[in-house]
Structures are given as structure tokens and as C-alpha cells.
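Structure, as C-alpha cells:
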Amino acid sequence: MLWGVLMTISKPVFDRLGFGLWIGAFLIVLVLVLWSPHTRTVWQAYIDGSEALLARQPLYNIQSEMGYLYAPAFAALYVPLVKLGPHLGGLVWHTIGFAVLTFAAIRQVRKLGGGELPWLLSFGLFLALPMALAAIRNGQATILLTGACWLLTLSALEGRRAETFFWASVAIIAKPTAIIMLLLVGALRLRLIPVLVLAVLFVLALPYAFAPASYLNDQYRVFGGMLTSMAVDNTSHFVPTDFTAPFTKIGLPVPESGATIVRVVMALFTLSFVIWFDRKLERGTAGLAIFLTATFYMCVFNPRVEPNTYAMIAVPAGLAIALLWREERGGVLASVLSVMLFLTGLTGVERHIQDLTYPWFRPIAVTVIAGFLIWWFWAKAGGKVMNERPVANG
Numbered sequence: 495m496l497w498g499v500l501m502t503i504s505k506p507v508f509d510r511l512g513f514g515l516w517i518g519a520f521l522i523v524l525v526l527v528l529w530s531p532h533t534r535t536v537w538q539a540y541i542d543g544s545e546a547l548l549a550r551q552p553l554y555n556i557q558s559e560m561g562y563l564y565a566p567a568f569a570a571l572y573v574p575l576v577k578l579g580p581h582l583g584g585l586v587w588h589t590i591g592f593a594v595l596t597f598a599a600i601r602q603v604r605k606l607g608g609g610e611l612p613w614l615l616s617f618g619l620f621l622a623l624p625m626a627l628a629a630i631r632n633g634q635a636t637i638l639l640t641g642a643c644w645l646l647t648l649s650a651l652e653g654r655r656a657e658t659f660f661w662a663s664v665a666i667i668a669k670p671t672a673i674i675m676l677l678l679v680g681a682l683r684l685r686l687i688p689v690l691v692l693a694v695l696f697v698l699a700l701p702y703a704f705a706p707a708s709y710l711n712d713q714y715r716v717f718g719g720m721l722t723s724m725a726v727d728n729t730s731h732f733v734p735t736d737f738t739a740p741f742t743k744i745g746l747p748v749p750e751s752g753a754t755i756v757r758v759v760m761a762l763f764t765l766s767f768v769i770w771f772d773r774k775l776e777r778g779t780a781g782l783a784i785f786l787t788a789t790f791y792m793c794v795f796n797p798r799v800e801p802n803t804y805a806m807i808a809v810p811a812g813l814a815i816a817l818l819w820r821e822e823r824g825g826v827l828a829s830v831l832s833v834m835l836f837l838t839g840l841t842g843v844e845r846h847i848q849d850l851t852y853p854w855f856r857p858i859a860v861t862v863i864a865g866f867l868i869w870w871f872w873a874k875a876g877g878k879v880m881n882e883r884p885v886a887n888g
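For the sequence shown, the positions run 495 to 888 when our numbering is used.
Spelled out as C-alpha cells, the structure:
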């Protein structure tokens with residue numbers, strides 16, 4: 495009864511409040527970008543990459559784990575934004591990433607169907623805002639990556655070849671880690687493998703329209719070596735925020751060989767989960783469950799994870815919690831997960847709390863949140879099978 499009262503009160507409020515806060519926070523970000531485009535932003539790294547490409551200079555500094563870390567295609571396509579200047583270019587870049595992610599969330603909610611869709615979207619975005627806002631403010635390619643991978647998932651599940659090619663290309667351009675999503679999509683839809691391969695080849699070939707082949711061949715060789723070294727080199731100043739972080743924090747670092755084994759095993763579990771969801775859940779719910787599971791892996795088991803990488807899972811987790819709340823009519827689990835997701839995002843707001851929780855807290859919190867949501871989706875799929883079985887026997 496108490497949950498019913500709370501939901502009756504909260505639903506009219508969150509029909510607009512959450513989405514309004516989501517848009518309002520982004521408008522504040524745009525004001526900050528116009529006011530000071532180079533403050534708390536990674537935009538300079540993108541500028542450096544594009545300017546290096548135009549000048550035929552090395553894109554990558556193999557002595558540094560920071561700086562420009564993207565594919566040459568990113569530098570080529572970012573050139574027009576550089577030409578627009580720091581204010582207008584920054585405005586356009588932030589808008590593109592935010593618009594793609596928001597469009598993906600809206601499209602996902604429409605696929606879920608049922609009642610209370612405005613509340614579902616609004617409440618989910620409200621829960622996700624604290625964890626996603628820092629990456630949105632910084633203008634990180636993670637935001638574009640998240641939206642593109644999400645739309646890639648939805649398009650592939652529906653067998654839309656042209657859309658799959660487009661969003662796969664955008665995702666790879668945004669960040670090379672998109673290959674994880676491409677592999678999962680290829681495993682789910684074998685007939686789309688040629689489309690995904692074509693997208694990869696397109697992205698690899700695209701920069702050759704902007705720079706000489708000899709120069710780009712050298713850049714690709716350095717890029718490949720850099721990605722390999724980043725995955726295995728523990729001597730850099732980069733502090734990973736993946737599943738190894740809690741063990742490192744307590745003085746028990748995980749050997750690289752052991753971490754690799756864990757990543758491979760979890761990759762197999764991830765593949766098993768997404769195949770199960772694809773086969774047993776309704777199409778709209780399956781898309782959300784699959785993407786949530788994929789982002790969980792990409793956040794917790796990716797060796798190049800930083801705190802803002804967790805923005806990837808913020809919105810799908812928020813929508814999944816909202817769906818859980820709608821389907822189960824509230825309850826303790828939905829309430830606890832809602833509070834956990836919202837407060838986990840707030841750990842980066844205050845300096846003392848950030849120092850206390852960095853880098854160990856987010857992988858633990860996200861594992862708990864995603865673990866319960868994946869378990870709920872698994873049980874939901876199993877319940878559907880059990881409900882259908884008598885009909886099949888009849």
C-alpha cells in the first residue's frame with residue numbers, strides 16, 4: 495500500500511521533472527562551454543588530434559597514456575568542429591553527443607511499450623543524471639559512444655542493415671572499445687556480420703581521403719601498438735577503475751594474467767546472458783537487457799576504464815530500474831537500486847568524498863546495481879518461459 499501511495503505521488507511529478515532536469519542540466523553545460531570552452535573538458539585532445547592530422551604530424555604520444563587516444567577517423571571528422579572555433583565547435587560537439595544519447599533513450603522507451611512511458615523515461619534519466627553529467631560536461635566521446643552503441647543494438651535486433659552500418663561506424667569512430675559491442679551484435683545476428691565488417695573497413699579507410707597513405711599507415715601502426723601496450727602495461731600513471739581497482743586499493747593487485755582470465759570468462763558469461771535475453775525476452779525489453787549487460791562489461795571489465803566511463807551504464811541502468819519499478823509496482827529492490835545509482839553518481843561531486851571512493855567504489859556499486867538488474871531480467875525471461883510452457887503442452 496505504501497509503495498502504491500508513493501508511486502501515485504511520484505509519477506505525475508516525474509512525468510516531466512526528470513526529463514526537465516536532464517535538459518536543464520545540459521543547457522547549463524552549454525552555458526559553461528560558451529563561458530569557458532577549455533575548462534573541465536577533453537576538447538583540447540580532440541583539437542590536437544585534428545591539427546596533427548592536418549599538419550601530417552604524429553597523432554599519438556606513445557610516452558603518455560593521455561592525450562589523443564582515438565582512431566585517425568575521429569581526427570579527420572573532427573576537423574570541421576575545430577574550424578568552427580572553441581566556442582561554437584564545443585557547442586556543436588556537446589550537442590551531438592547529448593542528442594544521440596537522448597534519442598537512444600527515447601527510442602528504447604518506445605520499444606518497451608506499455609503504460610507510463612513519459613514517467614519511465616523521465617524517472618530513468620533522473621536517476622542517471624548524476625553519473626552521466628560529468629562526462630557530458632567534459633564533452634567526452636563516451637557520451638557519443640554510448641548513444642551510438644545503444645542505437646546499434648536496437649537497429650541490429652530489428653535487422654535494419656543501413657542503420658546498423660551507420661551506428662556501427664559512428665561507434666567505432668567515437669572510441670575503439672565499440673568493437674566489444676560489434677562482436678556481441680555479430681554473435682546475436684550472424685547475417686549482419688558482413689555489415690559490421692564493412693563498417694570497420696569504412697572507418698579504417700575514411701582518413702585516407704584526408705591524408706597521404708604513407709602517413710596514415712605509420713599512424714595506424716603506432717595506434718595498434720599503443721592500444722596493445724595500454725591493455726597490458728601497468729607502469730603508467732593511469733589508474734584503472736575496473737574490477738581490479740578494489741583489490742589494488744587494499745594492497746592486493748591482480749596480476750595481469752589473472753585479470754585477463756577474468757575478462758575472458760566474463761566475456762563468455764556476457765555472451766551467454768545476451769543470447770538468453772535475445773531469445774526469451776520481448777523485443778523491446780531484450781534490447782534494454784542486452785545493452786545494459788554489454789555496458790556493464792565495458793565499464794567493469796575494460797582495462798582502460800576511468801570514473802567517467804561509467805556514464806555508459808548510467809542511462810540504461812536508470813531506465814532498467816524505472817522498468818523494474820513499473821513492472822513490480824515499486825518494492826524494496828527498486829527503491830534500493832534507485833538510491834544506489836543516484837548516490838553513486840554523486841560521489842564525484844565533493845572532493846573529499848571523491849578522494850575517499852576513488853578508484854574502488856564505482857566498480858563495486860555498479861556491479862551490485864547491474865548484477866541485480868541482470869538477475870531480474872534473467873528471472874523475467876525464465877518466468878516467461880514457464881508461463882508459455884503449459885500453452886505449448888496444451
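Virtual Cβ for every residue (Gly too), placed ideally from N, Cα, C.
Contacts around residue i, its chain only, beta-carbon distance under 7 angstroms, and the 5 residues preceding and following it disregarded
i	result
residue 842	628, 801, 848
residue 634	536, 802
residue 840	624
residue 792	671, 674, 806
residue 760	791, 795
residue 733	853
Reference residue i; option with closest CA among the options
i	options	result
residue 647	672, 708, 637, 624	672
residue 799	768, 670, 866, 784	670
residue 589	650, 742, 549, 525	525
residue 631	573, 828, 650, 521	521
residue 528	837, 599, 579	579
residue 615	576, 857, 815	815
residue 555	714, 681, 682	714
residue 823	610, 584, 541, 586	610
residue 740	603, 876, 861, 643	861
residue 770	825, 569, 653, 783	783
residue 608	777, 830, 808	777
Alpha-carbon to alpha-carbon, residue j and residue i
i	j	result
residue 719	residue 752	22 angstroms
residue 605	residue 709	45 angstroms
residue 598	residue 511	19 angstroms
residue 539	residue 517	26 angstroms
residue 836	residue 661	29 angstroms
residue 593	residue 863	26 angstroms
residue 853	residue 805	15 angstroms
residue 868	residue 812	13 angstroms
residue 513	residue 622	11 angstroms
residue 859	residue 550	44 angstroms
residue 736	residue 851	13 angstroms
residue 768	residue 787	7 angstroms
residue 603	residue 645	12 angstroms
residue 683	residue 650	7 angstroms
residue 436	residue 617	Examination of residue 436 is not possible in this model, given that the chain is present from 495 through 888 alone.
residue 794	residue 746	18 angstroms
residue 838	residue 626	11 angstroms
residue 700	residue 832	42 angstroms
residue 857	residue 738	9 angstroms
residue 642	residue 785	11 angstroms
residue 620	residue 515	7 angstroms
residue 668	residue 570	12 angstroms
residue 686	residue 846	48 angstroms
residue 830	residue 591	30 angstroms
residue 762	residue 523	39 angstroms
Residue i, DSSP secondary structure in three states
i	result
residue 550	coil
residue 743	helix
residue 727	Model confidence at residue 727 stands at a pLDDT of 46, short of 50, so the residue's coordinates are unreliable and nothing is read from them.
residue 869	helix
residue 856	helix
residue 736	coil
residue 566	helix
residue 616	helix
residue 669	coil
residue 652	coil
residue 610	coil
residue 841	coil
residue 664	helix
residue 533	coil
residue 696	helix
Cβ shell of residue i (< 8 angstroms), same chain only, five flanking positions each side left out
i	result
residue 666	565, 567, 672, 673, 676, 693, 694, 697
residue 573	544, 547, 548, 704
residue 827	818, 866, 870
residue 533	526
residue 765	678, 681
residue 834	859, 862, 863
Other residues of its chain near residue i: CB distance less than 6 angstroms, five sequence neighbours each side excluded
i	result
residue 874	none
Span of the alpha helix (DSSP H), counted from its first residue to its last, around residue i
i	result
residue 824	Here residue 824 belongs to no alpha helix (DSSP H), and DSSP marks it neither H nor E.
residue 581	580-606
residue 561	First-last for residue 561: undefined, no H or E at that position.
residue 753	750-774
Any C-beta of chain C under 8 angstroms from that of residue i
i	result
residue 513	Considering every chain present, this structure includes no chain C. It has just one protein chain.
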